[in-house]
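Just so we're aligned: 608 in the numbering used here is position 30 of the sequence shown, and the numbers increase by one with no gaps anywhere.
For each residue, glycine too, the CB sits at the ideal point set by N, CA and C.
Below you'll find the structure, written out as structure tokens, and then a few comments.
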Amino acid sequence: GGGGGGEGQERPARAPVPAAAPNLIYSHAVLCGKEGAAKLALGQLDGAKSLFKSGGLLLEALLMEDLTEGDRRALAQRRDVFAGKVREVEEAIFRLVGGGMGMEVAVVRP
């Protein structure tokens, strides 16, 4: 008995996602948040912003999955926290580089 020849050769157009994949994605999003917070505390604003964006995008990807309403609401809230952190870091960067218009005002003042 030889093992079936061509059986099992065809694959579906989209392979099912293993059950562990959403957990890995969520865990990585949490890790992005922790590392982003550490970089923010160290003043590494570009790195913090990048990590917060990545975490938010990972949660956004999870929101495309088939979820319970409670899970969907919880993930959306966490995604919104990441978005808030991105805005917070962008505002800090804006202040550090002189705030655009604020720079012009400083130049014009005697």
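Distance between beta carbons of Leu640 and Leu653, contact taken as under 8 Å
6 Å
If you check the beta carbons only, do Arg657 and Leu637 fall under 8 Å apart?
yes
Around the Cβ of Val667, are there at least 16 other Cβ atoms within 10 angstroms (buried) or fewer (exposed)?
buried
Count the other C-beta atoms from every protein chain shown that fall within 10 angstroms of the C-beta of Lys612, then say buried if there are 16 or more, exposed otherwise.
exposed
Please report the distance separating the alpha-carbon of Leu602 from that of Ala626.
21 Å
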